[in-house]
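**Student:** Protein sequences appear in the order of chains A and B.
To convert a position in the first sequence, counted from 1, into our numbering, add 133.
To convert a position in the second sequence, counted from 1, into our numbering, add 133.
Built from N, CA and C at the ideal position, the CB exists for glycine as well.
There are 2 protein chains.
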Amino acid sequence: MTGTEVLTGRVADENGPWLADRLLELGVELAHITICADREADIDAQLRFLASNGVDLIVTSGGLGPTADDMTVATVAAFCGVELELDTELESTITDIVARWARKRGSDPDLESVRVATRKQAMVPVGATWISPTGTAPGVVVTAESGAPTVLVLPGPPRELQAMWPAAVETAGVQKAIAGRTEYRQETIRMFGLPESELADSLRIGEDTIAGFDALEITTCLRKGEVEMVTRFEPDGAATYDAILALLDERHGTQIFSTDGATVDEQVAALLSGRRIATAESCTAGMIAARLTDLAGSSAYVAGGVVAYENQAKIGLLDVDAALIETHGAVSEPVAEAMARGALARLGTDIAISTSGIAGPGGGSPDKPVGTVCFGIALADGSTRATTLRLPGDRSDVRERSTTVAMHLLRRALRELTD
Amino acid sequence: MTGTEVLTGRVADENGPWLADRLLELGVELAHITICADREADIDAQLRFLASNGVDLIVTSGGLGPTADDMTVATVAAFCGVELELDTELESTITDIVARWARKRGSDPDLESVRVATRKQAMVPVGATWISPTGTAPGVVVTAESGAPTVLVLPGPPRELQAMWPAAVETAGVQKAIAGRTEYRQETIRMFGLPESELADSLRIGEDTIAGFDALEITTCLRKGEVEMVTRFEPDGAATYDAILALLDERHGTQIFSTDGATVDEQVAALLSGRRIATAESCTAGMIAARLTDLAGSSAYVAGGVVAYENQAKIGLLDVDAALIETHGAVSEPVAEAMARGALARLGTDIAISTSGIAGPGGGSPDKPVGTVCFGIALADGSTRATTLRLPGDRSDVRERSTTVAMHLLRRALRELTD
Chain A
134 MTGTEVLTGR VADENGPWLA DRLLELGVEL AHITICADRE ADIDAQLRFL
184 ASNGVDLIVT SGGLGPTADD MTVATVAAFC GVELELDTEL ESTITDIVAR
234 WARKRGSDPD LESVRVATRK QAMVPVGATW ISPTGTAPGV VVTAESGAPT
284 VLVLPGPPRE LQAMWPAAVE TAGVQKAIAG RTEYRQETIR MFGLPESELA
334 DSLRIGEDTI AGFDALEITT CLRKGEVEMV TRFEPDGAAT YDAILALLDE
384 RHGTQIFSTD GATVDEQVAA LLSGRRIATA ESCTAGMIAA RLTDLAGSSA
434 YVAGGVVAYE NQAKIGLLDV DAALIETHGA VSEPVAEAMA RGALARLGTD
484 IAISTSGIAG PGGGSPDKPV GTVCFGIALA DGSTRATTLR LPGDRSDVRE
534 RSTTVAMHLL RRALRELTD
Chain B
134 MTGTEVLTGR VADENGPWLA DRLLELGVEL AHITICADRE ADIDAQLRFL
184 ASNGVDLIVT SGGLGPTADD MTVATVAAFC GVELELDTEL ESTITDIVAR
234 WARKRGSDPD LESVRVATRK QAMVPVGATW ISPTGTAPGV VVTAESGAPT
284 VLVLPGPPRE LQAMWPAAVE TAGVQKAIAG RTEYRQETIR MFGLPESELA
334 DSLRIGEDTI AGFDALEITT CLRKGEVEMV TRFEPDGAAT YDAILALLDE
384 RHGTQIFSTD GATVDEQVAA LLSGRRIATA ESCTAGMIAA RLTDLAGSSA
434 YVAGGVVAYE NQAKIGLLDV DAALIETHGA VSEPVAEAMA RGALARLGTD
484 IAISTSGIAG PGGGSPDKPV GTVCFGIALA DGSTRATTLR LPGDRSDVRE
534 RSTTVAMHLL RRALRELTD
């Protein structure tokens with residue numbers, strides 16, 4: 134991967150993780166990810182490093198623009214020991230794309246000047262296969278002599294790279310490079326409310342008691358209060374995986390919420406089918422509503438909600454009794470329940486969820502420190518419930534974590550409704 | 134950097150960009166970022182690659198845990214040609230930390246068993262300096278013989294790495310490795326509504342007309358509808374930078390909204406001082422409210438808002454006339470204005486902003502395709518205004534872009550109020 138903007142910390146590298154996922158799906162083992170600036174010597178050094186480590190395929194992203202500071206194709210060609218030549222068919226393709234864009238913006242392009250500007254991008258290593266551009270930069274696949282790795286050159290913008298990937302994989306050069314791959318299965322278990330250390334304990338037990346455990350590659354990771362465990366194995370490891378799943382189910386059954394890849398968001402969406410939901414948010418201030426409407430089709434079940442940041446908004450828009458706030462404080466279970474009840478009544482929904490908490494950095498007290506968040510749920514039968522948690526981290530952590538907790542509380546309440 | 138979880142695409146590498154930023158601030162040029170799995174051969178190959186490219190300092194992150202699959206320290210020691218030895222002072226430090234955590238969780242730790250479990254993390258390369266752990270993993274600085282790079286080993290969790298960084302930089306080994314650095318200045322210009330290609334045109338003019346242009350390192354990047362241009366230069370490049378800034382101001386003055394590093398969020402927050410704001414969101418469904426409340430202290434000016442996803446919510450919670458929706462459709466400027474007016478009146482604020490749009494993938498029509506978003510602003514003097522845009526991209530792009538546009542519309546309206 135090249136890109137001064139990635140190296141200087143201003144852009145996170147999206148392509149590395151995305152390509153890692155695609156390669157894993159194909160059963161290709163990824164040995165190294167490297168990032169450098171758009172400098173010939175650095176790109177060349179990385180290509181040499183990767184080649185000397187015996188990889189079969191090098192995928193580069195970035196450095197394909199029309200300007201002089203983009204030099205990936207020329208550097209790869211030199212590395213593979215081939216010249217660049219103008220591909221006139223490709224030149225026409227790029228010229229057409231640029232001209233079409235110009236006309237869309239209402240300007241009348243001078244085709245010859247466009248051609249000159251885009252000529253650099255139509256220079257292709259001799260013998261290479263090019264992949265049609267999504268933007269203006271084509272990809273190329275350079276197959277070197279036997280023993281040397283195949284180099285697949287893709288553009289840096291994630292949207293372009295992702296759109297061109299399927300065609301790139303189908304090229305003869307890439308297919309040949311990945312011919313020796315193993316097919317893997319990959320399964321994901323998601324848990325909520327389980328400390329990572331307890332999962333580690335269970336995995337140590339699994340290691341001691343389940344035959345074939347070591348042949349499975351297990352990665353666990355904590356994200357936003359959930360623990361995600363991904364297991365990758367060859368087809369004959371399926372029975373071992375089932376044994377691990379059974380062990381975890383026995384020890385952490387109540388904390389496992391997904392074994393089929395579904396996220397809590399997808400589960401809540403499915404459970405809301407045929408129902409309508411409203412939100413009443415204080416400390417999360419719209420984050421739950423935004424998350425519920427992330428998924429396409431959410432207008433079928435999201436009615437709307439209220440961001441009740443000031444107490445006056447809780448009173449005026451959610452009919453919370455001012456005396457209740459006076460007595461218990463805005464961050465309290467009675468107020469959270471009243472907020473949920475208010476949203477449910479105002480929007481006439483089947484279920485409503487509320488948050489009221491102290492995200493920090495200010496506003497904490499010995500009694501209710503920063504991180505204290507009250508959640509309320511109201512149902513159409515008139516029942517309500519509330520929970521209070523103390524969530525760790527800074528303002529942004531507390532707000533994100535609260536949103537995830539809300540999704541899990543919704544999941545639990547909706548499952549009870551369905552059972 | 135090591136970490137199977139990063140390499141398999143499930144976790145984005147946060148440490149690379151963060152360290153890149155810190156090194157830049159120090160004036161240290163970052164040549165390569167590399168990522169590999171927690172495998173001895175791969176870590177060693179990357180260390181050798183970096184050393185052979187003549188770097189002065191290698192920073193590693195990750196692979197310092199207590200379990201056997203974490204092997205960074207041992208691999209670095211072998212690479213530097215030194216043995217590991219138990220540091221008893223460090224062992225006590227880690228044991229104390231683990232025991233304190235256990236007691237916090239209410240369990241009574243067996244100090245001897247804790248000591249055994251943490252012994253691996255107290256093994257330090259002979260002659261190395263260790264950096265006190267924030268979690269349980271200490272950092273180490275290994276200074277090899279002359280000519281070889283200094284290796285700084287830090288833990289993988291971003292929170293731990295970031296907390297330990299200042300102490301790591303102060304160590305004699307790191308100071309010696311970065312002694313030859315140049316101090317750089319870095320300036321950021323942010324623009325909104327400017328195509329990246331027009332900025333590129335202006336920079337080409339700058340290259341032709343401004344002396345010393347090539348000595349400045351300029352990176353431009355598009356993020357969420359804004360263009361950010363970061364310029365890095367040695368102190369004697371300041372006059373050249375000023376000339377570039379003047380050129381851009383002349384050509385794109387109305388699109389430049391920040392030259393001092395401030396984000397639009399910070400500018401809106403400052404402009405809202407002494408005022409109160411309300412939101413009325415349909416397609417963004419809480420994202421504007423969430424963004425306004427991202428900053429600490431926002432409770433001083435955010436009153437609250439309404440997520441009016443269904444038409445009934447627009448009517449019931451924002452007093453939008455049903456006939457208006459019937460006549461113009463929910464995605465229309467009259468409805469957006471009525472929504473903003475409703476939020477302003479209900480919450481008694483000085484300003485209110487609204488969105489109503491088609492985020493997709495469904496719901497588009499020839500007349501109002503996916504990406505059509507109407508924005509409304511209402512002010513306390515009774516005036517309203519509306520804008521309609523067609524935003525590119527998928528559902529998530531349209532919603533994020535709408536949120537950014539809303540911030541810029543707010544900025545403009547608030548500046549007019551202030552002028």
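Can you tell me where the alpha helix (DSSP H) with L349 of chain B in it begins and where it stops?
**Tutor:** Unbroken run through L349 of chain B: none, as it is neither H nor E.
**Student:** For Q254 of chain A and T482 of chain A, what's the separation of their Cα atoms in angstroms?
**Tutor:** When rounded, the distance between both Cα atoms is 56 Å.
**Student:** Contact between the segment 451-459 of chain B and the segment 417-424 of chain B is defined here as three or more beta-carbon pairs at a separation below 8 Å; is this criterion met?
**Tutor:** Judged by Cβ distances under 8 Å, the segment 451-459 of chain B makes no contact with the segment 417-424 of chain B, as fewer than three pairs qualify.
**Student:** Return the chain-ordered ranges of every beta strand (DSSP E) run that is complete within the segment 303-380 of chain A and spans a minimum of 3 residues.
**Tutor:** Runs found: 318-325, 350-356, 359-366.
**Student:** How is R172 of chain B classed by DSSP in three states: helix, strand or coil?
**Tutor:** Coil.
**Student:** Using only CA atoms, which one of B:A492, B:W151, B:V531, B:P199 lies nearest to S330 of chain A?
**Tutor:** For S330 of chain A, the nearest C-alpha among the options comes from B:P199.
**Student:** Where do the ends of the beta strand (DSSP E) carrying P258 of chain A lie?
**Tutor:** Here the beta strand (DSSP E) through P258 of chain A covers 256-258.
**Student:** Give the interface partners of C169 of chain A over in chain B, defined as CB-CB distance under 8 Å, in chain order.
**Tutor:** Neighbours of C169 of chain A on chain B, chain order: A164, H165, I166.
**Student:** Would you report the Cα separation of P502 of chain A and A469 of chain A, rounded to the nearest angstrom?
**Tutor:** Roughly 17 Å separates the two Cα atoms.
**Student:** Give the list of continuous alpha helix (DSSP H) stretches no shorter than 4 residues that lie fully inside the segment 421-507 of chain A.
**Tutor:** Whole alpha helix (DSSP H) segments, 4+ residues: 444-451, 455-461, 466-480.
**Student:** Can you give me the Cβ contacts of T417 of chain A inside the same chain, cut-off strictly under 6 Å, excluding the 5 residues immediately before and after it?
**Tutor:** Excluding residues within five positions, the ones whose Cβ falls inside 6 Å are T488, R532, S535, T536.
**Student:** Expressed to the nearest angstrom, what Euclidean distance is found between the alpha-carbon atoms of S225 of chain B and R248 of chain B?
**Tutor:** Going from the Cα of S225 of chain B to the Cα of R248 of chain B covers about 8 Å.
**Student:** So is R523 of chain B buried or exposed if we call it buried at 16+ other beta carbons inside 10 Å?
**Tutor:** Classification of R523 of chain B: exposed, given that the 10 Å Cβ count is below 16.
**Student:** In this structure, does DSSP put M134 of chain B in helix, strand or coil?
**Tutor:** Interpretation of M134 of chain B is limited by its pLDDT of 48, a score under 50 that renders its predicted location unreliable; no figure is taken from the coordinates.
**Student:** Is G430 of chain B close to chain A? Criterion is C-beta to C-beta, closer than 9 Å.
**Tutor:** Closer than 9 Å to some Cβ of chain A, the Cβ of G430 of chain B qualifies, so yes.
**Student:** Within its chain, find whatever has a CB closer than 6 Å to the CB of D220 of chain A; leave out the 5 residues flanking it on each side and keep chain order.
**Tutor:** Cβ neighbours of D220 of chain A beyond the five flanking positions: A255, V257.
**Student:** Let me make sure I understand the geometry here. Which of B:D243, B:T205, B:D347 has the alpha-carbon closest to that of L285 of chain B?
**Tutor:** Residue B:T205 is the option with its Cα nearest to L285 of chain B.
**Student:** Select from A:L480, A:A174, A:G345, A:G280 the residue whose C-alpha is nearest the C-alpha of V188 of chain A.
**Tutor:** Considering only alpha carbons, the answer is A:G280.
**Student:** Confirm, please, whether the CB-CB distance from V360 of chain B to L327 of chain B is below 9 Å.
**Tutor:** Yes, they are a contact pair.
**Student:** Could you check whether the Cβ of R479 of chain A sits closer than 9 Å to any Cβ belonging to chain B?
**Tutor:** Taking Cβ atoms only, chain B reaches closer than 9 Å to R479 of chain A, which makes this a yes.
**Student:** Using the rule of at least 16 other Cβ atoms within 10 Å of the residue's Cβ for burial, across every protein chain shown, is E559 of chain B buried or exposed?
**Tutor:** Chain B is shown from 134 up to 552; residue 559 of chain B falls before or after that span and cannot be answered.
**Student:** For S194 of chain B, does the three-state DSSP call read helix, strand or coil?
**Tutor:** The answer is strand: DSSP assigns S194 of chain B an E or B state.
**Student:** Roughly how many angstroms lie between the CA atoms of G125 of chain A and T520 of chain A, to the nearest whole one?
**Tutor:** Outside the shown range of chain A, which is 134 to 552, sits residue 125 of chain A, and nothing can be said about it.
**Student:** Report yes or no: is there a C-beta of chain A within less than 9 Å of the C-beta of E443 of chain B?
**Tutor:** So, interface residue.
**Student:** At a Cβ cut of 8 Å, what residues of the segment 178-193 of chain A count as close to chain B, listed as they run along the chain?
**Tutor:** Within the segment 178-193 of chain A, the residues whose Cβ lies closer than 8 Å to some Cβ of chain B are A178, Q179, F182, N186, listed in chain order.
**Student:** Tell me the DSSP bridge mates of L512 of chain B?
**Tutor:** Its beta-bridge partners are B:I484.
**Student:** Could you check how far apart the C-beta atoms of A164 of chain A and D175 of chain B are, in whole angstroms? I think they sit under 8 Å.
**Tutor:** 6 Å between Cβ atoms; contact.
**Student:** For H385 of chain A, which three-state DSSP category applies?
**Tutor:** Residue state, collapsed to three classes: helix.
**Student:** Counting C-beta neighbours from all protein chains within 10 Å, is the total for I338 of chain A 16 or more, i.e. buried, or is it exposed?
**Tutor:** By the neighbour-count rule (16 or more Cβ atoms within 10 Å), I338 of chain A is not buried but exposed.
**Student:** Alpha carbon to alpha carbon, what distance is there between H541 of chain B and Q319 of chain B?
**Tutor:** Their Cα atoms are separated by approximately 24 Å.
**Student:** Where does L156 of chain A fall in DSSP's three states?
**Tutor:** The answer is helix: DSSP assigns L156 of chain A an H, G or I state.
**Student:** Would V439 of chain B count as contacting chain A if we go by Cβ distances under 9 Å?
**Tutor:** V439 of chain B counts as touching chain A.
**Student:** Taking C507 of chain B as the reference, which of B:A471, B:D527, B:G515 has the closest Cα?
**Tutor:** The candidate whose alpha carbon is nearest that of C507 of chain B is B:A471.
**Student:** For the beta strand (DSSP E) containing V215 of chain A, list its first residue and its last residue.
**Tutor:** Unbroken run through V215 of chain A: none, as it is neither H nor E.
**Student:** Identify whether T167 of chain B lies in helix, strand or coil by the three-state DSSP scheme.
**Tutor:** T167 of chain B: strand per DSSP, three-state reduction.
**Student:** Applying a beta-carbon distance threshold of less than 7 Å, which residues of chain A neighbour A423 of chain B?
**Tutor:** Near A423 of chain B (Cβ distances below 7 Å), the residues of chain A are A418, G419, M420, A423.
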